[in-house]
Amino acid sequence: MHDTDLQVLRALHAWRVADKPALLATMMRSEGRDAKQPISLLAMSASGDTVGSGLNGIQDELLKHVRGSDLLSRSSPPQLLRHEIDSEQAQSFGWPCGGILEVLLEFSPSVASLGEMLGLIDAGLRVRRNISLADGTVTLSLEDYLPVLEQPLRISVGFGPAFRLLLLGGGALSADVAHLALMCGFKVAVCDERPHHTPAGGVDWMRNAPDEAVRRFRPDCNSAVVAIALDTPRIDAALLEALHTDAMYIGSIGSQRSAESLRARLEASARLAPQVLDRLRGPIGLYFDSLSPAEIALSVMTELVATKNGVASSFGGTSIGPETRSRHVGGVLTDAPDF
62 MHDTDLQVLR ALHAWRVADK PALLATMMRS EGRDAKQPIS LLAMSASGDT VGSGLNGIQD
122 ELLKHVRGSD LLSRSSPPQL LRHEIDSEQA QSFGWPCGGI LEVLLEFSPS VASLGEMLGL
182 IDAGLRVRRN ISLADGTVTL SLEDYLPVLE QPLRISVGFG PAFRLLLLGG GALSADVAHL
242 ALMCGFKVAV CDERPHHTPA GGVDWMRNAP DEAVRRFRPD CNSAVVAIAL DTPRIDAALL
302 EALHTDAMYI GSIGSQRSAE SLRARLEASA RLAPQVLDRL RGPIGLYFDS LSPAEIALSV
362 MTELVATKNG VASSFGGTSI GPETRSRHVG GVLTDAPDF
């Protein structure tokens with residue numbers, strides 16, 4: 062779940078705790094070429110304050126629709142709106158072509174239900190929110206959180222914890238990866254015991270041993286663990302810890318040779334099953350002949366975001382296919398696909 066969506070839910074909950082009427086708009090589905098988007102949320106208070114901006118350019122029209130009615134001033138059942146966008150409108154919305162959006166509007170959702178859901182999300186759990194279109198009744202269940210449109214009676218929308226990233230090692234590259242990850246909505250922690258390294262703004266700094274840092278970080282299915290430091294027994298131990306978690310992405314920077322050496326060491330030390338060891342990515346990053354720490358960081362974050370979005374099979378590590386060639390990334394010999 063994106064951090065911006067959590068901000069929307071927290072703002073909505075705060076308004077409802079203060080007994081303010083408020084709207085929750087959820088983009089359920091988008092259709093049309095080049096119109097793929099994840100679920101987006103928008104909250105609006107009765108006074109006109111808004112949080113969230115991911116409704117593909119239609120939010121201004123949506124707000125006009127709501128503000129021009131008395132929907133927020135009375136108890137109203139949810140509405141499911143279908144919005145068709147022609148080619149001319151698409152240009153003003155920043156789309157390359159037209160498409161269709163389905164948006165669920167909920168008016169003054171239950172404060173108790175919102176609070177319960179946020180508590181479950183903060184505990185690291187996946188939550189499905191089931192909304193009755195007839196009367197707006199909401200029930201919660203701990204299930205897979207992919208969106209489900211169950212017309213005509215019920216809509217289920219899923220939420221999960223925020224995406225998180227643990228970087229094992231400090232330095233310039235780590236700082237650049239952390240900066241990009243924060244921009245992409247990740248919560249970032251950096252593990253480095255060296256006292257002369259200081260944390261960047263917005264980053265949690267962990268002075269623990271790397272394997273202990275992984276245990277304290279408690280990676281889940283919305284977490285990534287990336288080793289920036291290389292070839293140390295403590296980093297090996299940390300990656301072993303990570304491989305026994307539900308982390309969505311586990312990888313190490315370096316060359317093809319160092320990746321093969323790392324895999325051999327882990328296999329020898331822990332006798333891991335091949336399917337467990339195959340979760341380790343390396344060398345990580347999308348190939349575009351990166352040279353500077355900033356470019357390497359962009360390469361790494363490209364692969365990580367692709368994994369988060371479910372399209373990682375085309376990128377990096379062992380998933381790029383057998384045809385590779387040697388190249389240098391930041392002075393480190395690696396392999397890359399042959400274009």
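Numbers 62 to 400, taken from our numbering, label the letters of the sequence shown in order. For glycine and all other residues, C-beta sits at the position ideal for the given N, C-alpha and C. Please read these numbers as outputs of a predicted model, since none were measured by experiment.
How about residue i and residue j: are their beta carbons less than 9 Å apart?
i: Arg255; j: Ser217; result: no
i: Met89; j: Glu167; result: no
i: Ile314; j: Leu234; result: yes
i: Leu141; j: Leu165; result: yes
i: Cys282; j: Asp307; result: yes
i: Pro294; j: Val286; result: no
i: Leu291; j: Arg340; result: no
i: Gly232; j: Ser137; result: no
i: Leu333; j: Phe278; result: no
i: Leu41; j: Ala367; result: The question about residue 41 has no answer here: the residues shown for the chain are numbered 62 through 400.
i: Pro344; j: Gln317; result: yes
i: Met244; j: Ser284; result: no
Around the C-beta of residue i, are 16 or more other C-beta atoms found within 10 angstroms, so that it is buried, or is it exposed?
i: Cys252; result: buried
i: Glu321; result: exposed
i: Ile161; result: exposed
i: Gly263; result: exposed
i: Phe376; result: In this predicted model, Phe376 has a pLDDT of only 43, less than 50, meaning its place in the structure is not dependable enough to derive any value.
i: Ala86; result: buried
i: Pro139; result: buried
i: Arg225; result: buried
i: Ser143; result: Looking at the sequence provided, one finds Arg at residue 143 rather than Ser. Arg143 should be labelled exposed.
i: Val78; result: exposed
i: Leu352; result: exposed
i: Arg342; result: buried
i: Arg237; result: It is Asp, not Arg, that sits at residue 237 in the sequence shown. So Asp237 ends up on the buried side.
i: Gly371; result: exposed
i: Ala83; result: buried
i: Phe349; result: exposed
i: Ala195; result: exposed
i: Lys418; result: Given that the chain is displayed from residue 62 to residue 400, the structure contains no residue 418 and the question cannot be resolved.
i: Asp272; result: buried
i: Ala329; result: exposed
i: Ala104; result: buried
Tell me the DSSP secondary structure of residue i in three-state form.
i: Asp253; result: coil
i: His240; result: helix
i: Gly176; result: helix
i: Asp110; result: coil
i: Leu67; result: helix
i: Thr379; result: Bear in mind that the predicted position of Thr379 carries a pLDDT of just 37, short of 50, making it unreliable; the figure below should be weighed with that in mind. If DSSP states are grouped into helix, strand and coil, Thr379 belongs with the helices.
i: Ala72; result: helix
i: Ala233; result: helix
i: Ala96; result: In this predicted model, Ala96 has a pLDDT of only 38, less than 50, meaning its place in the structure is not dependable; the value taken from the coordinates is given anyway. DSSP places Ala96 in coil when its eight states are reduced to three.
i: Leu181; result: helix
i: Leu347; result: coil
i: Leu291; result: coil
i: Lys81; result: coil
i: Asp399; result: Residue confidence for Asp399 is low, a pLDDT of 27 falling below 50, so the modelled location carries little weight; the figure read from the coordinates is stated next. DSSP places Asp399 in coil when its eight states are reduced to three.
Just to confirm the assignment, what range does the beta strand (DSSP E) spanning residue i have?
i: Val199; result: 199 to 202
i: Ile216; result: 215 to 220
i: Met267; result: 264 to 267
i: Val286; result: 284 to 288
i: Ser459; result: No statement about residue 459 is possible, as the shown extent of the chain runs from 62 to 400 and does not include it.
i: Leu229; result: 225 to 229
i: Ile311; result: 310 to 313
Could you give the C-beta distance for residue i and residue j, rounded to a whole number, given that I count them as a contact under 8 Å?
i: Leu73; j: Pro170; result: 7 Å
i: Ala288; j: Gly230; result: 7 Å
i: Val186; j: Leu175; result: Residue identity differs from the one stated: residue 186 is Leu in this sequence, not Val. 15 Å between Cβ atoms; not a contact.
i: Leu301; j: Ala325; result: 13 Å between Cβ atoms; not a contact.
i: Thr65; j: Gly246; result: 6 Å
i: Val69; j: Gly113; result: 4 Å
i: Ala223; j: Lys248; result: 5 Å
i: Leu358; j: Leu241; result: Looking at the sequence shown, residue 358 is not Leu but Ala. Sure, about 5 Å apart at Cβ, within 8 Å.
i: Arg215; j: Ile192; result: 7 Å
Could you check where the alpha helix (DSSP H) with residue i kicks off and where it finishes?
i: Val188; result: From DSSP, Val188 is part of no alpha helix (DSSP H) but of the beta strand (DSSP E) over 188 to 193.
i: Arg276; result: 271 to 278
i: Ile357; result: 354 to 369
i: Gly322; result: Going by the sequence as given, residue 322 is Ser instead of Gly. It spans 317 to 331 - the alpha helix (DSSP H) in which Ser322 sits, taken as one unbroken run.
i: Met298; result: It is Ala, not Met, that sits at residue 298 in the sequence shown. Start and end: 294 to 304.
i: Val337; result: 335 to 338
Hey, is residue i's beta-carbon within less than 9 Å of any beta-carbon in chain B?
i: Ile357; result: No chain B is present in this structure, which holds just one protein chain.
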